[in-house]
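Below is one structure; the comments refer to it alone.
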Amino acid sequence: MTKSDHNSEKVHYICQTYVEHKPERDGQTSLKINKQFEYTSASDAQNRAEREVQSEDCVGADAYIVREDQNSGEVGMPSFLVRLGIVPEFDDF
Numbered sequence: 086m087t088k089s090d091h092n093s094e095k096v097h098y099i100c101q102t103y104v105e106h107k108p109e110r111d112g113q114t115s116l117k118i119n120k121q122f123e124y125t126s127a128s129d130a131q132n133r134a135e136r137e138v139q140s141e142d143c144v145g146a147d148a149y150i151v152r153e154d155q156n157s158g159e160v161g162m163p164s165f166l167v168r169l170g171i172v173p174e175f176d177d178f
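Here's what the structure looks like:
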């Protein structure tokens, strides 16, 4: 791996929150992404998720890491740091 190949990967630390969404038509409740924050460290993303899940309108929060290949634009699967409250199944992510 050359030095330029090594620098092509960017790590994103994300906190993502969820709210319940009830469509008018079928009445089925589902989860909807509410907020998404990016941080410079895993601990900052996890701390934000822990704070956000305490708010009244937030039903769940994820803190996770994704790696992006900046040469191709491909983003890898998330690696979860913490999943709190009601969150979507991994397959729905």
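Residues in the sequence shown are numbered consecutively from 86, following the numbering used here. Where is the CB? At the ideal position from N, CA and C, for every residue including glycine. Quantities reported herein were computed from a predicted structural model and do not represent experimental measurements.
message: Less than 7 Å between the C-beta atoms of glutamine 139 and glutamine 121, yes or no?
response: no
task: Indicate the three-state DSSP secondary structure (helix, strand or coil) for glutamine 121 in the structure shown.
output: strand
field: Inter-residue spacing [alpha-carbon to alpha-carbon] between threonine 87 and tyrosine 124
entry: Residue confidence is low: threonine 87 scores 43 on pLDDT, short of 50, so the model does not pin down where it sits. Its coordinate-derived value is still stated next. Cα to Cα, threonine 87 sits roughly 27 Å from tyrosine 124.
- request: Could you say which of Arg152, Asn156, Ser128 and Val144 lies nearest to valine 104 if we only look at CA atoms?
  value: If we check each option's Cα against that of valine 104, Val144 comes out closest.
- request: Quick one: give me the first and last residue of the alpha helix (DSSP H) that glutamine 131 is part of.
  value: Annotation: the continuous alpha helix (DSSP H) that includes glutamine 131 extends over 127–137.
message: Can you tell me whether aspartate 176 is helix, strand or coil according to DSSP?
response: helix
message: Closest to alanine 130 by C-alpha separation, out of Asn156, Gly161, Phe165 and Glu141, would be which residue?
response: Nearest of Asn156, Gly161, Phe165 and Glu141 to alanine 130, Cα basis: Phe165.
query: Can you tell me where the beta strand (DSSP E) with cysteine 143 in it begins and where it stops?
result: Cysteine 143 -> no beta strand (DSSP E), and no H or E assigned at all.
field: Boundaries (first-last residue) of the beta strand (DSSP E) holding arginine 110
entry: Here arginine 110 belongs to no beta strand (DSSP E), and DSSP marks it neither H nor E.
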